[in-house]
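Numbering (the numbering used here), first residue to last: 24 to 295.
For each residue, glycine too, the CB sits at the ideal point set by N, CA and C.
Quantities reported herein were computed from a predicted structural model and do not represent experimental measurements.
First the structure, in the form of structure tokens, and then the observations on it.
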Amino acid sequence: MEKLVFVDIDGTLCDFSGVVPDSAIKAIKTARKNGHKVFVCTGRAKSEIYPFILDIGFDGLVCSAGAYVECEGNVIFHKSIDENLREMLVGYLQKDNTAFLLETNEGVYIQEKDETVLNDIFLASGEEINIDSKEYLKILTVAKDIMQVKQVNKVLYFQSNKSLKQMQQDLGEHFLILPNSIGVFGSNSGEISDKKINKSTGIQKVLAYYGKNKDTVIAFGDGANDVEMLTFAQIGIAMGNAWDKLKEYADDVTDSVSENGIYNGFKKYKLI
24 MEKLVFVDID
34 GTLCDFSGVV
44 PDSAIKAIKT
54 ARKNGHKVFV
64 CTGRAKSEIY
74 PFILDIGFDG
84 LVCSAGAYVE
94 CEGNVIFHKS
104 IDENLREMLV
114 GYLQKDNTAF
124 LLETNEGVYI
134 QEKDETVLND
144 IFLASGEEIN
154 IDSKEYLKIL
164 TVAKDIMQVK
174 QVNKVLYFQS
184 NKSLKQMQQD
194 LGEHFLILPN
204 SIGVFGSNSG
214 EISDKKINKS
224 TGIQKVLAYY
234 GKNKDTVIAF
244 GDGANDVEML
254 TFAQIGIAMG
264 NAWDKLKEYA
274 DDVTDSVSEN
284 GIYNGFKKYK
294 LI
């Protein structure tokens with residue numbers, strides 16, 4: 024039976040330095056040749072997905088943690104943050120002097136002062152900037168007036184003076200606030216999205232498009248924003264390197280990214 028396979032990017036398809044194992048690429052290509060459909064299912068906006076990842080070849084994309092969905096190049100769903108709530112959120116972050124990015128389908132926007140902060144984060148480790156950091160810097164656009172950036176799918180914040188718990192208390196009425204799933208941003212960072220949208224929302228849009236049911240869904244993830252995806256899937260698989268709490272929600276745990284976790288998981292469930 025044809026399966027619909029959903030694969031997270033950061034910490035699942037690739038490690039946090041941006042390296043995709045050759046075995047994962049082989050697994051995805053082989054699974055598609057075998058008649059299965061494979062989708063990216065990520066917290067990243069479409070504009071944040073690097074060309075070398077898209078070049079692997081996928082049947083569709085679930086981006087911005089479920090807020091944007093493509094199947095075979097067709098946009099089938101897009102839900103941006105309400106404009107009034109977006110203005111409130113940007114004002115809150117500016118008042119608190121929290122650095123942030125606004126993620127849209129067209130690009131990722133940042134204030135000039137926050138771009139400097141981000142560069143400092145990348146360099147602070149004392150290591151050569153890795154693939155992920157280099158690629159991420161390429162996609163940023165400095166906004167002259169960040170408040171005028173519209174159609175925002177998700178907000179990523181970093182270098183916050185507030186704890187995740189405090190952010191959740193302040194904003195939780197309207198937003199879902201989770202730990203950041205993109206490794207390059209360091210501590211004191213997180214993701215803010217529409218409270219009514221998550222990765223399973225996007226997966227359900229894909230199922231409706233193809234006329235399939237959830238019995239066909241296999242999903243792979245590693246982070247806090249993968250909980251709904253793994254619990255919704257018929258088979259939800261956590262990576263060996265996954266957040267410990269996610270493993271409690273998963274039906275199975277495969278190996279880590281660097282230990283061929285995607286390939287081994289695809290093989291175990293007879294996708295390849």
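The residue from Phe100, Glu138, Leu146, Tyr91 with its alpha-carbon nearest to that of Thr127 is Tyr91. Take the alpha-carbon of Lys167 and the one of Tyr132: they are about 10 Å apart. Here Ser212 carries a coil assignment [DSSP, helix/strand/coil]. Comparing C-alpha distances from Val98 to each of Arg109, Glu135, Cys86 shows the shortest one belongs to Cys86. Within the model, the alpha-carbon separation for Leu160 versus Phe75 is close to 15 Å. Taking C-beta atoms as the reference points, Ala242 and Ile215 fail to come closer than 8 Å.
Between Gly213 and Asn221, the CB-CB gap reaches or exceeds 8 Å.
Between Met170 and Lys136, the alpha-carbon positions lie close to 15 Å from each other. The alpha-carbon of Leu194 is positioned some 20 Å away from that of Gly89.
Linking Asp105 to Lys291 through their CA atoms gives a straight-line distance of about 42 Å. With contacts defined as CB atoms closer than 8 Å, Phe62 and Lys228 fail to qualify as a contacting pair.
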